[in-house]
Amino acid sequence: MNVLILGSGGREHTIAWRLSSDPTCTRVYIWPGNDGMEGEKIETLPDSFCRENFEEIIKNKKIHLVIPGAEKYLYEGISDWCRDLKLACFGPSSNASELEKSKLFSKKFMIESGIPTSRFVDFSDDFQNNFHKALSLTEEFKKPVIKISGPSLGKGVFVCSDSEEARSILGKLKDEPQPGMEEGILMEEGVTGKEVSLFYACSDEKYSYLGSAQDYKRVFDGDRGPNTGGMGAISPVPWVNDDFISKVSQKILEPTLKGMKKMDTPFVGILFLGLMVNEDEINLLEYNVRFGDPETQVLLPLIEGDLTNFILNCCSGNFSQELKFKKQTAVHVVKAAKGYPGLFGEEVEKGQLIKIQNNLLDKSKIIFSGVKKMKEGLVTNGGRVLGVTSWSKDRFEALQTCYESLEKVQFKGEHFRKDIGKNL
Ligand code: GLY
115 MNVLILGSGG REHTIAWRLS SDPTCTRVYI WPGNDGMEGE KIETLPDSFC
165 RENFEEIIKN KKIHLVIPGA EKYLYEGISD WCRDLKLACF GPSSNASELE
215 KSKLFSKKFM IESGIPTSRF VDFSDDFQNN FHKALSLTEE FKKPVIKISG
265 PSLGKGVFVC SDSEEARSIL GKLKDEPQPG MEEGILMEEG VTGKEVSLFY
315 ACSDEKYSYL GSAQDYKRVF DGDRGPNTGG MGAISPVPWV NDDFISKVSQ
365 KILEPTLKGM KKMDTPFVGI LFLGLMVNED EINLLEYNVR FGDPETQVLL
415 PLIEGDLTNF ILNCCSGNFS QELKFKKQTA VHVVKAAKGY PGLFGEEVEK
465 GQLIKIQNNL LDKSKIIFSG VKKMKEGLVT NGGRVLGVTS WSKDRFEALQ
515 TCYESLEKVQ FKGEHFRKDI GKNL
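When the sequence shown is numbered by my numbering, its final residue is 538 and no position is left out of the sequence of numbers.
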């Protein structure tokens with residue numbers, strides 16, 4: 115079958131690379147993709163995104179399955195378009211995507227559905243009309259987390275160490291409003307513990323576990339600096355056991371799927387739960403309604419069997435075929451451009467030549483995100499430029515292979531974390 119993947123980053127490159135090895139996958143098209151994604155069976159499509167072009171592609175390329183990578187396609191209604199075309203889409207409807215799109219919607223949904231999560235205040239109105247009242251609310255929480263409610267390209271969450279830092283962030287947001295703030299702003303009580311993400315393929319109230327991952331969101335080693343889209347990831351997380359997975363399924367996943375069905379917005383696609391765990395206490399931090407980036411870069415290489423066929427079956431609610439996982443650890447480290455994550459006006463450098471040695475180590479794969487082909491070769495063209503995924507039966511061997519392979523791919527101004535997967 116022919117598969118269409120929507121998006122242009124490392125997540126989409128990984129999905130394409132992984133599915134292209136499946137017997138049932140004939141060809142993978144990535145729209146728009148990037149210039150680093152070439153491969154056997156993989157083709158990028160240049161047209162600009164709109165419903166008319168989408169329908170043309172579906173017809174001309176004889177697409178059987180659509181996989182939206184980035185959430186923006188879900189918000190546009192890609193899954194609803196596919197439903198009209200009677201085409202399988204591995205992603206929720208635009209209504210069900212509210213779970214991720216609106217931080218206010220999701221927080222209220224968690225509380226109404228009895229899902230464990232921290233308390234919050236919605237200060238959208240206070241923020242717009244009465245900034246000083248919003249500032250005084252920062253005193254309510256020991257470790258405030260400020261969240262922009264609307265879509266913010268992964269840069270709308272500010273984890274503050276105290277109310278002073280929260281006030282400073284609010285001041286910056288007031289002076290320089292960021293995308294997504296028009297839909298509101300909230301503050302919740304920061305919870306401490308170990309952060310982990312669990313991934314499920316869902317169809318209405320049925321689901322199948324896809325794995326665990328730890329993402330490294332802060333830009334610098336030791337979890338310092340501003341949040342990014344993710345600087346690296348590891349899977350599986352060693353302490354995640356069957357008992358933990360079953361608790362999360364019962365306390366969080368099942369009430370979520372039930373709640374969505376009750377609201378007449380049944381959920382189909384990936385549900386990616388961002389969790390904070392403190393001994394026996396599990397708190398849901400956030401929902402994402404699609405594959406994670408860079409979590410996908412470590413989850414998919416560990417899934418055995420025909421994943422394309424599994425996804426197609428999931429879209430029709432058929433989970434007869436169980437997934438099997440390699441007993442290995444996968445790690446991914448991102449190399450970012452100078453200036454990334456580019457908050458508050460800082461420029462992210464582009465146009466640097468990427469030098470790639472052709473002797474990458476075995477069990478490693480370069481995944482491209484922000485790159486572009488020029489006369490001189492591939493150049494940087496985004497914040498997260500590329501990353502390397504490596505895998506092995508031994509976590510430390512996987513890490514060593516990954517960091518050695520990263521040295522073989524270099525560009526001016528690059529920065530990356532040196533502590534991915536080390537302290538778990
Ligand atoms: N790595 C976080 C995300 O994909 O949203």
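Here a beta-carbon is modelled for each residue, glycine too, at the ideal position from N, C-alpha and C.
Hey, would you say residue i sits closer than 8 angstroms to residue j, going by beta carbons?
| i | j | result |
| --- | --- | --- |
| V523 | K449 | yes |
| V305 | V354 | no |
| F405 | I384 | yes |
| P455 | K269 | yes |
| L120 | W145 | yes |
| I172 | L199 | yes |
| T410 | I129 | yes |
| K440 | E418 | yes |
| L218 | P206 | no |
| W131 | G153 | yes |
| D533 | G336 | yes |
| L371 | Y321 | yes |
| L520 | V447 | yes |
| L251 | V235 | yes |
| C516 | V445 | yes |
| E302 | V259 | yes |
For the putative contact between residue i and residue j, defined by C-beta atoms under 8 angstroms, what is the C-beta separation to the nearest angstrom?
| i | j | result |
| --- | --- | --- |
| L399 | P230 | With a Cβ gap of about 11 angstroms, L399 and P230 do not count as contacting. |
Should residue i go down as buried or exposed, given a rule of 16 or more other Cβ atoms within 10 Å for buried?
| i | result |
| --- | --- |
| S349 | buried |
| C164 | exposed |
| L312 | buried |
| K507 | exposed |
| N148 | buried |
| D239 | exposed |
| H246 | exposed |
| K376 | exposed |
| R531 | buried |
| D318 | exposed |
| D357 | exposed |
| L467 | exposed |
| Q81 | Within the shown structure, residues of the chain are numbered from 115 to 538, placing residue 81 beyond reach of any answer. |
| M390 | buried |
| I481 | buried |
If you follow the alpha helix (DSSP H) that residue i is in, where does it begin and where does it stop?
| i | result |
| --- | --- |
| Q328 | Taken as a continuous stretch (DSSP letters only), Q328 belongs to no alpha helix (DSSP H), being part of the beta strand (DSSP E) at K320 to D329. |
| W353 | Here W353 belongs to no alpha helix (DSSP H), and DSSP marks it neither H nor E. |
| M224 | K217 to E226 |
| G124 | G124 to L133 |
| M374 | E368 to K376 |
| F424 | L421 to C429 |
| A280 | S277 to D289 |
| V462 | Counting along the chain, V462 falls outside any alpha helix (DSSP H), and DSSP gives it neither H nor E. |
| N174 | R165 to N174 |
| T410 | T410 to L413 |
| A512 | R509 to L520 |
| K186 | E185 to E190 |
Kindly indicate the opening and closing residues of the beta strand (DSSP E) around residue i.
| i | result |
| --- | --- |
| M390 | V382 to N392 |
| P146 | R141 to P146 |
| E400 | E395 to N402 |
| L249 | That residue, L249, is in no beta strand (DSSP E); its alpha helix (DSSP H) goes F245 to L251. |
| L120 | N116 to G121 |
| I260 | P258 to I262 |
| I177 | I177 to P182 |
| E154 | Neither: E154 is in no beta strand (DSSP E) and is coded neither H nor E. |
| R332 | R332 to F334 |
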